[in-house]
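J.: Let me begin by handing over the structure; questions about it come next.
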């Protein structure tokens, strides 16, 4: 996977931001070494969705759709990432149309679930006041 898909490596120090919620994305990331914190902002609060470690990947929905990033990604410690760009990813997917269709469907379903969750969370926040 690394040779076929990766475009370049990215080395981060603790606290460095990979991308912010709302940014336009055109690549995904594979963690070779380190930790990445995935967060969303809700009002003035930051909610940690996940802490990812070696072997995990994130930002994959940017390769399937044109929607802005759904969350922010920040290094928790020194981290080494492989960056996989959209063109390289699509070239590999195009050789397997069934897998491509499955992956696109899963990503779209994930977005729909996330949208419903955020809507419900916002309604809950508003009802508290």
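Residue numbers (full-length UniProt numbering): 1 to 129. Heads up, the beta-carbon is just placed ideally off N, CA and C, and yes, glycines get one too. Since the structure is predicted, the reported quantities are computational estimates derived from the model, not experimental observations.
1) Return helix, strand or coil for residue 70, following the three-state DSSP convention.
2) Indicate the three-state DSSP secondary structure (helix, strand or coil) for residue 64 in the structure shown.
3) Quick one, are the C-beta atoms of residue 8 and residue 18 less than 8 angstroms apart?
4) Just grab the DSSP bridge partners of residue 103 for me.
5) Under a three-way DSSP split, which group does residue 9 fall into?
6) Grouping DSSP H, G and I as helix and E and B as strand, with all else coil, what is residue 95?
T.: Judging by the given coordinates:
1) Of the three classes helix, strand and coil, the one that applies to residue 70 here is coil, per DSSP.
2) coil
3) no
4) DSSP lists no partner for residue 103.
5) strand
6) coil
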